[in-house]
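First comes the structure, then the notes that go with it.
Numbering (this note's numbering), first residue to last: 216 to 701.
Right, here's the structure in full:
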């Protein structure tokens with residue numbers, strides 16, 4: 216028994232390798248983008264695609280690959296996904312152009328979508344005791360959150376000594392360890408239930424998201440055009456088609472009927488919006504610290520440590536907090552603390568604000584940590600037991616889509632403000648500083664204005680969601696648990 220128990224925990228450590236990489240790669244580029252922009256000179260919308268195509272690929276394919284793993288084997292899919300993730304990482308590290316870097320980032324996202332659901336299923340098979348399984352899933356969630364939190368820090372430390380490609384090459388040793396140990400310590404898992412992948416739904420959701428976001432980014436960076444409007448409208452039509460198609464499927468990718476439950480809706484939005492705020496704030500603040508304030512990348516990375524520490528601690532402490540004050544109050548604290556933290560970014564400026572940035576990450580980190588820990592549990596508890604799998608899949612997807620949407624939408628908003636208020640020399644701050652140093656002050660002021668507007672919008676959204684949580688969620692914790700179906 217002791218040997219089996221030790222084998223299970225060693226297996227957990229092996230599983231955490233790809234999980235940590237998938238979450239870390241969602242944020243590791245935030246401090247690396249100024250260096251990548253200098254090397255590859257991407258356009259404004261290409262820079263955003265480099266950052267968020269990964270999250271869109273993971274989020275749009277997560278549910279589909281979960282079903283594929285059920286049918287063909289979770290461990291097999293986990294091994295294939297890890298190998299493809301390594302290939303994508305190596306290709307991204309040596310990409311000679313923005314287009315190829317975007318393509319390899321998309322390949323990494325596709326691989327990441329195979330890893331998350333399969334890793335969780337294999338983990339559940341390792342721990343048959345419910346109490347041990349709950350502990351293991353808690354470690355899994357904390358590792359996932361920690362990866363997001365320390366991604367920028369790891370990126371900054373690597374860039375201090377190595378070229379920008381190092382933020383991708385760091386994945387390869389971890390992947391190699393996983394591929395060597397996984398066949399020894401992990402067992403194959405297949406689901407006994409029915410279900411199949413609706414390929415058209417996968418295509419509609421992925422193409423709709425990418426086209427809609429392309430239209431938004433293109434319009435923000437370059438103004439309205441036939442291409443931008445056509446892409447945006449086509450993407451919206453495909454997403455509507457996707458949503459309507461789900462209603463007639465026996466096994467939909469997204470069960471939209473679950474959103475009729477207010478508790479479930481609040482939980483899913485809590486999975487999406489905080490990740491959107493965190494990714495947007497981290498990305499824009501990274502540029503502010505390096506390109507506006509002129510801080511070295513290692514200094515910027517160290518400034519992110521206090522917020523990362525608070526976020527990780529809150530992931531671990533949230534279950535105890537929920538036991539003490541309840542999920543309703545915890546969700547309200549989550550959104551109000553994020554709103555307050557984002558508001559502190561309004562104190563940053565062209566000549567200073569590093570201290571306000573640290574304060575912002577610490578205050579908002581409380582809410583981010585709560586959101587990581589409580590979302591899936593609240594979403595699953597809000598629906599009948601037979602629909603828990605669908606609820607959990609939507610909760611995981613909301614995290615990844617939120618991470619990508621934050622950069623896409625708020626990054627586009629900041630780019631729009633820069634285009635309208637800047638010196639009209641180039642579409643990005645980095646290009647402007649390189650082409651026309653005499654316009655540096657105007658360019659920095661325009662970028663800070665975009666940062667402030669994005670932070671204000673996100674702060675107001677979180678304050679509103681906190682108010683809705685207090686209004687919509689029941690006071691009794693028993694009301695958050697569904698009645699057994701007849």
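The beta carbon of each residue, even a glycine, is placed where N, CA and C say it ideally should be.
By the neighbour-count definition (other C-beta atoms within 10 Å, threshold 16), residue 344 is an exposed residue. DSSP places residue 496 inside the alpha helix (DSSP H), whose first and last residues are 477-502. Straight across, the Cα-Cα distance linking residue 562 with residue 393 is about 44 Å. For residue 300, the number of other beta carbons within 10 angstroms of its own is at least 16, and it is reported as buried. Residue state for residue 242 is assigned as coil, using DSSP reduced to three classes.
Runs of the alpha helix (DSSP H) lying entirely within the region 625-658, each at least 4 residues long, are 626-636 and 644-650 in chain order. By the criterion of a C-beta distance shorter than 7 Å, residue 294 is surrounded in its chain by 394 and 397, once the five residues flanking it on both sides are discounted. Of the residues assessed, residue 646 falls on the buried side of the cut-off, its CB having 16 or more other CB atoms within 10 angstroms. Measuring C-alpha to C-alpha distances from residue 525 to each of 419, 582 and 455 identifies 582 as the nearest. Counting along the chain, residue 439 sits inside no alpha helix (DSSP H), nor does DSSP assign it H or E at all. In this structure, DSSP gives residue 292 a helical state, which the three-state scheme calls helix. DSSP places residue 464 in no alpha helix (DSSP H); its state is neither H nor E. Rounded to the nearest whole angstrom, the C-alpha separation of residue 443 and residue 374 is 35 Å.
In this structure, residue 227 and residue 351 form a Cβ contact; the two beta carbons are roughly 5 Å apart against a cut-off of 8 Å. Remark: fewer than three beta-carbon pairs, one from each stretch, lie closer than 8 Å, so the region 565-582 and the region 419-436 are not flagged as touching. Here the region 657-674 lies against the region 476-496, with 3 or more beta-carbon pairs under 8 Å apart. For the pair residue 272 and residue 610, the Cα-to-Cα distance works out to about 16 Å. Secondary structure of residue 430 (DSSP, three-state): helix.
Selection 338, 252 and 255 evaluated against residue 232 yields 338 as nearest (Cα-Cα). The three-state secondary structure of residue 276, taken from DSSP, is helix. By the Cβ test, the region 529-546 is not in contact with the region 465-475, since fewer than three Cβ pairs between them sit closer than 8 Å.
In its chain, beyond the 5 residues on either side, 571, 574 and 575 have a beta carbon closer than 6 Å to the beta carbon of residue 559. Our two residues, residue 627 and residue 688, have alpha carbons roughly 33 Å apart in a direct line.
In this model, residue 630 and residue 548 are separated by some 31 Å (Cα to Cα).
Residue 333 is a Cβ neighbour of residue 296, given a cutoff of 8 Å. Taking a 10 Å sphere around the C-beta of residue 474, we find fewer than 16 other C-beta atoms and assign the residue as exposed.
Inter-residue distance for residue 289 and residue 283 is about 8 Å (C-alpha atoms, whole angstroms). In the DSSP assignment, residue 524 falls within the alpha helix (DSSP H) that extends over 520-559.
Comparing alpha-carbon positions, the option among 314, 326 and 309 lying closest to residue 238 turns out to be 326. Here residue 367 really is in contact with residue 501; their C-beta atoms are around 6 Å apart, less than 8 Å.
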